[in-house]
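Protein chains in written order, with my numbering: chain A, 0 to 153; chain B, 270 to 560.
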Ligand SMILES: Cc1cc2nc3c(=O)[nH]c(=O)nc-3n(C[C@H](O)[C@H](O)[C@H](O)COP(=O)(O)OP(=O)(O)OC[C@H]3O[C@@H](n4cnc5c(N)ncnc54)[C@H](O)[C@@H]3O)c2cc1C
Ligand code: FES
Ligand code: FES
């Protein structure tokens with residue numbers, strides 16, 4: 000079946016089987032590999048994308064269900080310049096291996112759209128569906144807060 | 270991991286969805302948030318021949334206070350009932366449970382009605398619904414019926430829907446007097462299912478007498494377990510530490526937990542005892558505060 004999804008602002012179509020998972024549609028059909036596959040069991044959040052602005056796990060949604068919707072992936076963060084989240088993750092050492100980072104930044108983006116100065120607890124709550132095996136989370140929390148401050152300052 | 274192949278249907282209206290379900294009969298299955306169904310299909314625990322995706326039925330994405338009850342449409346996501354003013358006003362038990370279902374990303378996609386239809390004894394919502402006396406609206410192309418939650422939840426992953434029926438709404442009655450409720454869940458980490466959990470609900474008359482009570486347990490039996498004997502003990506009584514302790518002891522006796530990775534059976538039984546008492550205390554404090 001034909002699926003058309005607006006990815007990072009551009010409409011993209013592909014002919015897929017109904018059972019194709021959204022994450023594979025993005026990675027394989029569209030060749031955008033910033034969205035990762037970690038657990039493939041809805042547990043880790045490495046596959047997080049924004050569906051009409053809301054973070055979801057793309058390993059647990061069929062591409063067919065995304066037909067007609069807007070998806071944002073990590074590739075869409077940079078708009079000419081790095082997004083404030085990308086800058087702050089770099090500055091605050093918010094990543095080590097980087098595997099969880101696309102998901103963390105997208106969850107951070109959705110959070111900061113509602114609240115640019117979240118508390119530690121609010122950030123930790125927002126990222127509680129995303130696992131990081133490297134950082135111990137502290138610098139991820141700092142990075143998201145610093146990005147909020149930068150967005151506020153602009 | 271890939272789910273087995275299936276045919277995909279994406280109706281644009283409820284009528285279209287219901288006639289498709291009617292036509293497919295036992296070969297059709299509703300796809301709501303997919304947060305239980307897709308993982309089960311990946312693991313080959315489910316292999317439906319046809320999926321009827323209801324995500325375009327946006328008319329069903331509501332949470333609203335109707336006359337006499339809170340109405341949750343089939344497409345309301347778990348996230349829609351977190352921090353929701355109508356939910357807080359009508360069902361303190363539901364408001365208390367909402368942030369503890371799954372994790373934030375799963376809550377953005379999974380639906381309350383889908384979770385209720387799924388009848389996983391480790392699922393949180395059916396305990397809440399049993400405690401507050403909810404009912405389920407089942408629709409088919411030949412009409413609608415309202416099923417009390419106690420009749421809807423049949424057993425382990427089994428509900429009482431007929432072929433061609435789907436859940437279109439869940440209804441939570443508005444308490445008559447000053448009400449309070451809690452959902453206490455022990456989990457190993459966010460996103461984990463309950464080791465054990467207890468939903469409590471109390472409705473008090475002006476003089477403090479308990480006019481309605483609800484207690485239901487998660488993950489300690491083959492289905493979410495309503496503890497009718499403890500509820501009956503409470504109704505008509507004046508709240509006291511001793512009374513709540515007795516109700517908690519009944520709940521602990523009524524459950525039938527299994528030892529597994531989340532803990533030994535006796536531990537879970539002790540958690541049920543402690544959480545039932547604590548949940549009733551919290552429900553009572555809240556009802557008193559609100560009256
Ligand atoms: C990592 C993770 C953690 C989780 N943790 C928890 C937790 O802590 N507590 C908890 O309660 N749940 C938990 N869940 C399950 C989650 O709540 C699911 O969203 C829910 O069980 C199913 O709702 P859904 O909308 O996703 O339904 P789906 O997965 O789409 O469907 C589930 C079943 O219900 C049927 N169904 C769905 N909607 C309807 C309808 N309207 N009418 C008739 N049948 C219908 C489907 O056909 C299917 O059989 C977790 C899931 C994941 C992936
Ligand atoms: S790969 Fe999707 S949640 Fe882990
Ligand atoms: S940086 Fe390695 S998993 Fe988070």
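The beta-carbon is built from N, C-alpha and C at its ideal position, and this holds for glycine as well.
Of the choices the options, whose alpha-carbon is the least far from that of residue i?
i: residue 473 (chain B); options: B:295, B:508, B:458, B:512; result: B:508
i: residue 51 (chain A); options: A:142, A:65, A:44; result: A:65
i: residue 459 (chain B); options: B:527, B:370, B:487; result: B:370
i: residue 103 (chain A); options: A:76, A:63, A:80; result: A:76
i: residue 108 (chain A); options: A:120, A:63, A:13, A:72; result: A:72
i: residue 433 (chain B); options: B:491, B:289, B:493; result: B:289
i: residue 426 (chain B); options: B:408, B:384, B:410; result: B:384
i: residue 606 (chain B); options: B:551, B:552, B:524, B:482; result: Given that chain B is displayed from residue 270 to residue 560, the structure contains no residue 606 (chain B) and the question cannot be resolved.
i: residue 150 (chain A); options: A:116, A:141, A:125, A:123; result: A:116
i: residue 153 (chain A); options: A:90, A:83, A:143; result: A:83
i: residue 303 (chain B); options: B:418, B:339, B:347, B:282; result: B:347
i: residue 532 (chain B); options: B:322, B:463, B:518; result: B:463
i: residue 298 (chain B); options: B:321, B:315, B:284, B:313; result: B:321
i: residue 351 (chain B); options: B:332, B:476, B:555; result: B:332
i: residue 167 (chain A); options: A:96, A:98, A:86; result: This structure cannot settle anything about residue 167 (chain A), because the visible part of chain A is limited to 0 through 153.
By how many angstroms is the C-alpha of residue j removed from the C-alpha of residue i?
i: residue 101 (chain A); j: residue 129 (chain A); result: 10 angstroms
i: residue 448 (chain B); j: residue 61 (chain A); result: 41 angstroms
i: residue 560 (chain B); j: residue 444 (chain B); result: Because residue 560 (chain B) carries a pLDDT of 46, less than 50, the predicted location of this residue cannot be relied on, and the following value inherits that uncertainty. Taking the straight line joining both Cα atoms gives about 12 angstroms.
i: residue 496 (chain B); j: residue 36 (chain A); result: 42 angstroms
i: residue 391 (chain B); j: residue 430 (chain B); result: 20 angstroms
i: residue 326 (chain B); j: residue 514 (chain B); result: 46 angstroms
i: residue 359 (chain B); j: residue 133 (chain A); result: 43 angstroms
i: residue 127 (chain A); j: residue 373 (chain B); result: 7 angstroms
i: residue 275 (chain B); j: residue 319 (chain B); result: 5 angstroms
i: residue 121 (chain A); j: residue 112 (chain A); result: 13 angstroms
i: residue 485 (chain B); j: residue 33 (chain A); result: 44 angstroms
i: residue 361 (chain B); j: residue 550 (chain B); result: 14 angstroms
i: residue 1 (chain A); j: residue 92 (chain A); result: 41 angstroms
i: residue 542 (chain B); j: residue 553 (chain B); result: 17 angstroms
i: residue 125 (chain A); j: residue 105 (chain A); result: 11 angstroms
i: residue 413 (chain B); j: residue 337 (chain B); result: 19 angstroms
Starting from the beta carbon of residue i, find every residue of chain B whose beta carbon is closer than 8 angstroms, and list them in chain order.
i: residue 60 (chain A); result: 303, 307, 378
i: residue 125 (chain A); result: 373
i: residue 0 (chain A); result: 277
i: residue 55 (chain A); result: 374, 377, 378
i: residue 47 (chain A); result: 374
If we call anything under 9 angstroms between Cβ atoms a contact, is residue i one with residue j?
i: residue 15 (chain A); j: residue 28 (chain A); result: yes
i: residue 345 (chain B); j: residue 324 (chain B); result: no
i: residue 265 (chain B); j: residue 516 (chain B); result: Shown here, chain B extends from 270 to 560; a query on residue 265 (chain B) therefore has no answer.
i: residue 368 (chain B); j: residue 465 (chain B); result: no
i: residue 18 (chain A); j: residue 271 (chain B); result: yes
i: residue 53 (chain A); j: residue 353 (chain B); result: no
i: residue 398 (chain B); j: residue 286 (chain B); result: no
i: residue 546 (chain B); j: residue 488 (chain B); result: no
i: residue 483 (chain B); j: residue 468 (chain B); result: yes
i: residue 440 (chain B); j: residue 406 (chain B); result: yes
i: residue 471 (chain B); j: residue 450 (chain B); result: yes
i: residue 68 (chain A); j: residue 5 (chain A); result: yes
i: residue 316 (chain B); j: residue 329 (chain B); result: no
i: residue 131 (chain A); j: residue 99 (chain A); result: yes
i: residue 415 (chain B); j: residue 492 (chain B); result: no
Who are the neighbours of residue i on chain A, taking C-beta pairs under 7 angstroms?
i: residue 270 (chain B); result: 39
i: residue 324 (chain B); result: 64
i: residue 536 (chain B); result: Simply none; closest approach about 24 angstroms.
Determine which residues share a DSSP beta bridge with residue i and list them.
i: residue 277 (chain B); result: B:320
i: residue 404 (chain B); result: B:417, B:440
i: residue 333 (chain B); result: B:340
i: residue 452 (chain B); result: B:468
Mind listing the chain A neighbours of residue i? Cutoff is C-beta to C-beta under 8 angstroms, in chain order.
i: residue 460 (chain B); result: 42, 127, 128
In chain A, what lies closer than 9 angstroms to residue i by C-beta?
i: residue 275 (chain B); result: 17, 18
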